[in-house]
Every structure is written in structure tokens, then in C-alpha cells.
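Engineer: Chains as they are written, first to last, in my numbering: chain A, 116 to 176; chain B, 278 to 417.
C-beta: ideal position from N, C-alpha, C; glycine also.
1. Check each residue of the stretch 381-410 of chain B: if its Cβ is closer than 7 Å to any Cβ of chain A, include it; give the result in chain order.
2. Measuring straight from C-alpha to C-alpha, what distance separates residue 143 (chain A) and residue 328 (chain B)?
3. How is residue 121 (chain A) classed by DSSP in three states: helix, strand or coil?
4. Among B:320, B:374 and B:344, whose alpha-carbon lies nearest the alpha-carbon of residue 392 (chain B)?
5. From what residue to what residue does the alpha helix (DSSP H) around residue 344 (chain B) run?
6. To the nearest angstrom, how far is the alpha carbon of residue 418 (chain B) from that of residue 401 (chain B)?
7. Which whole-angstrom value is the C-beta distance of residue 394 (chain B) and residue 340 (chain B), which I expect to be below 8 Å?
8. Closer than 8 Å, CB to CB, is residue 336 (chain B) near chain A or not?
9. Assign residue 350 (chain B) to one of three DSSP states: helix, strand, or coil.
10. Report the neighbours of residue 122 (chain A) on chain C: residues whose CB is nearer than 7 Å to its CB, in chain order.
11. Does DSSP classify residue 334 (chain B) as helix, strand or coil?
12. Would you say the stretch 376-384 of chain B touches the stretch 302-310 of chain B, given that touching needs at least three Cβ pairs under 8 Å?
13. Based on Cα-Cα distance, which residue from B:283, B:408, B:389 and B:321 lies nearest to residue 363 (chain B)?
14. Could you name the residues of the stretch 306-321 of chain B whose beta carbon sits closer than 7 Å to any beta carbon of chain A, in the order they occur along the chain?
15. Considering only the alpha carbon of each residue, which of B:306, B:324 and B:338 lies closest to residue 411 (chain B)?
16. Could you give the residue range of the alpha helix (DSSP H) that holds residue 395 (chain B)?
17. Give the range of the alpha helix (DSSP H) segment to which residue 373 (chain B) is assigned.
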């Protein structure tokens, strides 16, 4: 039983470690997209990620 | 049986905590260097905006800008337009590099550049030009 418990804790530790490794190795695509949106909204002065205003109607043929 | 149950609960709690760390992860974008770059690009956009609208400048597929139609700019202003494009590209390259560095992963620079490339194009206004994945110019 105690051997089983040790094995269980081993599995838990491995999972915890693999969680850390995952965070450190892989590129956080969703977080990067969010960061890009914040910066682009600021640089292009778009409000809170709202869609940009449509082009003036007089440009239409 | 209760020991097994306790173990299952512990495992579930651990999984949840790992998941929440993933969900909460944000990139650092507020270092002094990044704040300065953002301000510089925002200020330049006042001059670049009309160039995007006229089609003189377009958004490239690699997260930069390019002078795609010099004829859309009056001769007297072409040199200034080229200088704006060069300065913007310098800031953009620094931005991608600095975000990667501020998050202690310089090797993320290319991933950050391609993320930005997609988002610039996604957020571009109708009528602006961008490069598609094949490299040809498309009017949005």
C-alpha cells in the first residue's frame, strides 16, 4: 500500500513538473494574440478592440 | 476506498490548478522599452494612416509595412513616405524582439512576428492593402 502511495505521489510530481515544462517551452499563441490586439488597438487608436469604422460611403462606385 | 477517493480528488485539484495557470498566462508588454515603442508607433500612425488608405503603403505578410505604390504619393512627399516606412519597420522589428525578450524567451521573436502579422491584417481597415500568404497584394 505504501509503495502504491509513493508511486501515486511520483505520478503527481511528474504531472506538476510536466505542467511547468509545458508553460516554459511552448509558445503561448492565445496570450500573444491578446497582447498583439492590445498593442494594435493602441497604435491604431481603435477603441477596446472594436471593429474599425467602415470606409466612407462615397468611395463606393 | 476513501484513500482512492482522496487521491482522485487530489489529482483533479492538481489538474485544475495547472489548467488555471495556463488560462491566466499573459505576456509582458509594459516594460519601459515597449511603452516607448508603442508611443512612437502610435504617433507615426497619424502620418502612416493616409498612406494605408491611399494604397501607397501596405501590410506585409511578415508583420512589416512596405511602400507598395510610390505613384500614389506626390513626388515631393515620396522621400518622407519611404522614411516613415523605414522607421516603422525598425520599430516593429524592435517591438517583436522586445516582447520576446521581456518574457524571457528571445526565441519566440518569430512566433510573435507572425502573430502580429495576422492581427495587423485582421484589424486593418477596409480599403487597405495587405500581402496574402502567397505574397501578392490584396485590397481589403
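Structural biologist: This is what the structure holds:
1. Of all residues in the stretch 381-410 of chain B, 385, 388, 389, 392, 393, 396, 397, 400, 402, 403 and 404 have a Cβ within less than 7 Å of some Cβ in chain A.
2. The straight-line gap separating the alpha-carbon atoms of residue 143 (chain A) and residue 328 (chain B) is approximately 33 Å.
3. helix
4. B:374
5. No alpha helix (DSSP H) contains residue 344 (chain B), which is instead part of the beta strand (DSSP E) from 342-344.
6. The structure shown does not extend to residue 418 (chain B), since chain B is modelled only from 278 through 417, so no value can be given for it.
7. 4 Å
8. no
9. coil
10. Although the question refers to chain C, the structure presented lacks it and instead comprises the protein chains A and B.
11. Note: residue 334 (chain B) maps to strand in three-state DSSP.
12. yes
13. B:321
14. Within the stretch 306-321 of chain B, the qualifying residues are 306, 315, 318 and 319.
15. Ranking the options by Cα distance to residue 411 (chain B), first place goes to B:338.
16. 386-400
17. 355-379
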